[in-house]
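All remarks here apply to the structure that follows.
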Amino acid sequence: MELLDTLIVGAGISGLSLAHALQKEATSASSLKILVTESQGRVGGNITTVTAEGFLWEEGPNSFSPTPELMKLAVDVGLKQELIFADRKLPRYVYWQKKLQPVPMTPPAMIQSQLLSFPGKLRALFGALGFVAPAMGDRLSQQGDEETVSQFFRRHLGQEVMQRLVEPFVSGVYAGDPQQLSAAAAFGRVTKMADVGGGLVAGALLSAKNRPKK
Ligand SMILES: Cc1cc2nc3c(=O)[nH]c(=O)nc-3n(C[C@H](O)[C@H](O)[C@H](O)COP(=O)(O)OP(=O)(O)OC[C@H]3O[C@@H](n4cnc5c(N)ncnc54)[C@H](O)[C@@H]3O)c2cc1C
987 MELLDTLIVG AGISGLSLAH ALQKEATSAS SLKILVTESQ GRVGGNITTV TAEGFLWEEG
1047 PNSFSPTPEL MKLAVDVGLK QELIFADRKL PRYVYWQKKL QPVPMTPPAM IQSQLLSFPG
1107 KLRALFGALG FVAPAMGDRL SQQGDEETVS QFFRRHLGQE VMQRLVEPFV SGVYAGDPQQ
1167 LSAAAAFGRV TKMADVGGGL VAGALLSAKN RPKK
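Using the numbering used here, you'd call the opening residue of the sequence shown number 987 and step up by one each time.
So this is what it looks like as structure tokens:
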């Protein structure tokens, strides 16, 4: 029996990109024996592209943040020509109280937004400025010391922001349960801002200041 160097369980994007990265790092293609296993009859995991009756659609993820790492991967695997870039300025909407409400993307839009009540906006403002209870006790996930998405945003920005802005975003991107998803895993950039101390606004300003200039 031939010995393997690496066995990867699961051929979703994590397993496949790991296999790709390991293979690329190897000095020659034959020097590393990698086996990717998959329990389903197809690769891709959550990524589910369907073609039928002349139509093509995604039943899983349909977009990603164009981080340098992901863009490099897309180019490396020959998908450069297939990438379609969305206009970042396009508005996003949340269906709330039988109406599509634009998601506020700027502080003035937040003030005028009908998506949050006045107390909800005040709560978010105070939280963003750093008036936040510490993460402790029964607030933390029972599976460990990690805060869930729900715990993190409720603590920092209040119940309304959690329910009306974060939840729709989480179901759109992760199709997951914010009460189970890890905040650090799903919103790493935001939780790092909070780690700075002084609230999300201070964290955002500081990380913008420390971001390397292009
Ligand atoms: C409806 C939906 C929409 C989404 N939209 C977006 C989006 O727009 N943008 C975005 O960035 N993310 C989105 N996500 C999240 C994204 O799809 C996932 O984060 C990502 O696909 C996870 O990839 P993964 O390889 O880690 O896991 P998975 O895709 O779950 O792959 C794991 C694989 O391992 C296999 N496996 C499990 N156990 C075993 C075993 N014992 N032996 C062998 N094989 C095994 C499974 O069959 C599966 O194929 C969405 C998710 C869903 C469900």
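Idealized CB from N, CA, C, for every residue including glycine.
- Consider the C-beta atom of residue 984 and the heavy atoms of ligand 1; say whether any pair is separated by less than 6 Å. The chain is shown from 987 up to 1200; residue 984 falls before or after that span and cannot be answered.
- Could you tell me whether any non-hydrogen atom of ligand 1 is closer than 6 Å to the CB of residue 1024? Stepping through the sequence shown from its first residue, residue 1024 is reached at position 38. At least one heavy atom of ligand 1 is nearer than 6 Å to the Cβ of residue 1024, so yes.
- Nearest-angstrom beta carbon gap, residue 1020 and residue 994 [assumed within contact, 8 Å]: In the sequence shown, counting from the first residue as 1, residue 994 sits at position 8. In the sequence shown, counting from the first residue as 1, residue 1020 sits at position 34. Indeed they touch by this definition, with Cβ atoms about 7 Å apart.
- Exposed or buried, residue 928, counting other C-beta atoms within 10 Å across all chains shown (16 or more means buried)? The question about residue 928 has no answer here: the residues shown for the chain are numbered 987 through 1200.
- Query: In terms of residues, what are the limits of the beta strand (DSSP E) holding residue 997?
  - Reply: Mapped onto the sequence shown, residue 997 falls at position 11. First-last for residue 997: undefined, no H or E at that position.
- Check whether the Cβ of residue 999 lies closer than 6 Å to any heavy atom of ligand 1, and answer yes or no. If you number the sequence shown from 1, residue 999 lands on position 13. Answer for residue 999: yes, Cβ within range of ligand 1.
- Alpha carbon to alpha carbon, what distance is there between residue 1106 and residue 1117? On the sequence shown, residue 1117 is found 131 positions in, with the first residue counted as 1. On the sequence shown, residue 1106 is found 120 positions in, with the first residue counted as 1. Spanning the two alpha carbons is a distance of roughly 14 Å.
- Query: Would you say residue 1090 and residue 1099 are within 7 Å of each other, going by their C-beta atoms?
  - Reply: Taking the first residue of the sequence shown as 1, we reach residue 1090 at position 104. Taking the first residue of the sequence shown as 1, we reach residue 1099 at position 113. Yes, they are a contact pair.
- Item | For residue 1022, the residue or residues it bridges with in DSSP | Here the question's residue 1022 lines up with position 36 in the sequence shown. In the DSSP output, where bridge partners are listed per residue, residue 1022 has 994.
- Query: ligand 1 heavy atoms versus the CB of residue 1047: any closer than 6 Å?
  - Reply: In the sequence shown, the residue the question calls residue 1047 occupies position 61. Yes; taking the cut-off as 6 Å, the Cβ of residue 1047 has a heavy atom of ligand 1 nearer than that.
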